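Under UniProt numbering, read the sequence shown as residues 1 to 358, first letter to last.
Note that beta-carbon positions come from the ideal geometry of N, C-alpha and C, so glycine has one too.
All values reported here derive from a predicted model rather than from experimental measurement.
Quick notes on the structure that follows.
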Amino acid sequence: MFELAWPWIFLLLPLPWLARLLLPAADSGEPVLKVGFLDELEGLAGRRARLNLPTWRQQAPFLLIWLLLLLAAARPQWLGDPVPVSASGRDLLVAVDVSGSMDFPDMQWQNDEISRLDLVKALMGDFLQDRQGDRVGLILFGSQAYLQAPLTFDRRTVRTFLDEAQIGIAGKNTAIGDAIGLAVKRLRQRPAQSRVLILITDGANNGGQIHPLTAARLAAQEGVRIYTIGIGANPEASGTPGLLGLNPSLDLDEAALKEIADITHGSYFRAHDGAELGAIGDTLDQLEPVAQQPTQARTAIELYAWPLGLALLLSVLLVVAVQWPDNQLQRLLRKPRFLQPHPEWRQRLKRLRLRRRR
């Protein structure tokens, strides 16, 4: 089926004529020839002289080129028959804590000590990109919660947004309840059995407007399963002191995270290092996909190259006609002269000139 993607482009059709009416006439820089005996010439020709643009035969090629350019800009397409596309998987949102404590470098990864957020970027980025068939999204939360990437099949872009996350971008506190509430708002329109939230934090709720347990009960009513992950090394095992000698892992509220997971029929995981966080990702990968409503797609073949190529060809032919006037094309496009050739005109003009000299 033939279709124009942007048919409104044809509203630009009168643009050249509007430009001629609104813009001043161009100055050719050549002297103007004034004919003092125009009335006599009109009498000999039997017609009136007209001060108009070239006739339609000379304007037609330019009009055709303009129409072809508009047609190409309107994106002509040939659409194939609808093809059902089955979609299976989950609608999975990942909420990542970006408060100040996530910058604490107490995590081990590939024999290096890195910050908690860097570890989440490395491992959860791979986890998101491997979610073939899932819609994935990203929430960043600190003092407030923000939807960094909506649910999408473009997993690579979501991973890029996660890699670009910065400490403190959402504030210094930890609003776990707000992150859950935002996730519920985004997931409630999706199929009930496919709503999943993975919440990653290293602290306790100390900000926001919604209590985490209240948000968890709301999530349970909407059928959102929450898998909570507490990240941070053991306070006794970590040799890196925090601010004022205190380890941020002491702030982790494991009891609240476990209760959130229990209320929503999810699970709680504790990640002390990179190996454990990687194992958690493997465990989450074992969730059974849920079949979603299939969608339909049409194959679209772009046809704009044909009118665009034809417009280019006509433009080249017009240039050839101007540069090499002695050819058949130029004779076809030549403007009809105001005085048609006549065998007796030259004699009449000579007699008229002699009469004016006397």
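Is DSSP giving residue i helix, strand or coil here?
i	result
Val83	strand
Gly207	coil
Phe104	coil
Asp253	coil
Ile189	The residue asked about is misnamed: residue 189 is Gln in this sequence, not Ile. Looking at Gln189 - three-state DSSP - the assignment turns out to be coil, as it is neither helix nor strand.
Glu302	strand
Trp109	strand
Ala215	helix
Ala271	strand
Ala233	coil
Asp91	strand
For residue i, report the span of its alpha helix (DSSP H) as first-last.
i	result
Ala305	305-323
Ile280	274-284
Phe127	116-129
Ala19	15-22
Where residue i and residue j are concerned, what is the direct C-alpha to C-alpha distance, given to the nearest angstrom?
i	j	result
Leu314	Val83	39 angstroms
Leu182	Ala145	7 angstroms
Leu284	Gln132	13 angstroms
Leu244	Ala179	Low confidence applies here, because Leu244 scores a pLDDT of 44, under 50, leaving its location unreliable; read the following figure in that light. C-alpha separation (whole angstroms): 29 angstroms.
Gly278	Thr157	21 angstroms
Ile302	Asp134	In the sequence as presented, Ile is not what sits at residue 302; that position holds Glu. Cα to Cα, Glu302 sits roughly 29 angstroms from Asp134.
Ile260	His211	11 angstroms
Val320	Ala311	14 angstroms
residue 384	Phe153	The requested residue 384 is not part of the displayed model; the chain covers only 1 to 358.
Can you give me the start and stop residues for the beta strand (DSSP E) that residue i sits inside?
i	result
Gln148	145-152
Phe141	135-141
Arg195	195-201
When you compare each of the options to residue i by their alpha carbons, which one comes out closest?
i	options	result
Thr264	His272, Asp273, Leu218, Arg155	Leu218
Leu12	Phe2, Asp262, Ala72	Ala72
Thr299	Leu213, Gly266, Ala26, Gly80	Gly80
Gly232	Gln323, Arg131, Gly203, Lys172	Gly203
Glu222	Asn206, Thr228, Pro212, Ser194	Ser194
Thr214	Asp154, Ala275, Ile198, Val184	Val184
Leu64	Thr152, Pro307, Ile9	Pro307
Within a Cβ cutoff of 8 angstroms, which residues of the same chain sit near residue i, ignoring the five residues on either side of it in sequence?
i	result
Val98	Leu117, Leu140, Phe141, Gly142, Ala165, Gln166, Ile167, Gly168, Ile169, Ala170
Looking only at its chain, what residues have a beta carbon closer than 7 angstroms to the beta carbon of residue i, apart from the 5 residues adjacent to it on each side?
i	result
Ala122	Trp109
Tyr304	Ala72, Arg75, Pro76
Gly100	Ile167, Gly168, Lys172
Give every residue of the same chain whose Cβ lies closer than 6 angstroms to the Cβ of residue i, excluding the five residues on either side of it in the sequence, and list them in chain order.
i	result
Gly230	Leu252, Glu254, Leu257, Arg270
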